[in-house]
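S.K.:
Here it is in structure tokens:
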């Protein structure tokens, strides 16, 4: 069971306040709580997850199974996977046309 997650972006925003507004912050102050967290499940299709990440403007998404975090997807990994699939299809078509 998890309470939330904290990202590099969360930390930057938290400490980007002006000097007078800055105070000692705890992880609990900064983290995105589990009820607000956008998550993926192991059976979600990668294209759908990528679309959600782009729509919501997030770069990382935890993968949840039975209430536990089992991994974290990055938008970089998903884009790389899409590029590899397209590249493989292009090579297949190129070989077919030879």
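Residue numbers (the UniProt record's numbering): 1 to 98.
From the three backbone atoms N, C-alpha and C, an ideal C-beta is built for every residue, glycine too.
So, with DSSP's three-state summary, where would you put residue 60?
M.R.: Mapped onto the chain shown, residue 60 falls at position 60. Looking at residue 60 - three-state DSSP - the assignment turns out to be strand.
S.K.: Under the assumption that residue 59 contacts residue 75 (Cβ atoms under 8 Å), give the Cβ distance between them as a whole number of angstroms.
M.R.: As a position in the chain shown, residue 59 is number 59, starting the count at 1. As a position in the chain shown, residue 75 is number 75, starting the count at 1. Right, their Cβ atoms sit about 5 Å apart.
S.K.: Just to confirm my understanding: we take residue 46, look at its own chain, exclude 5 residues before and 5 after, and list those with CB closer than 7 Å. What are they?
M.R.: Residue mapping note: residue 46 aligns to position 46 of the chain shown, counting from 1. Cβ within range, chain order: 78, 81.
S.K.: Can you tell which of 94, 5, 69 has its C-alpha closest to the C-alpha of residue 30?
M.R.: For the purposes of this step, residue 30 is taken as the residue at position 30 of the chain shown. It is 5 whose Cα lies nearest to the Cα of residue 30.
S.K.: In terms of DSSP beta bridges, what is residue 74 paired with?
M.R.: In the chain shown, the residue the question calls residue 74 occupies position 74. Paired residues: 60.
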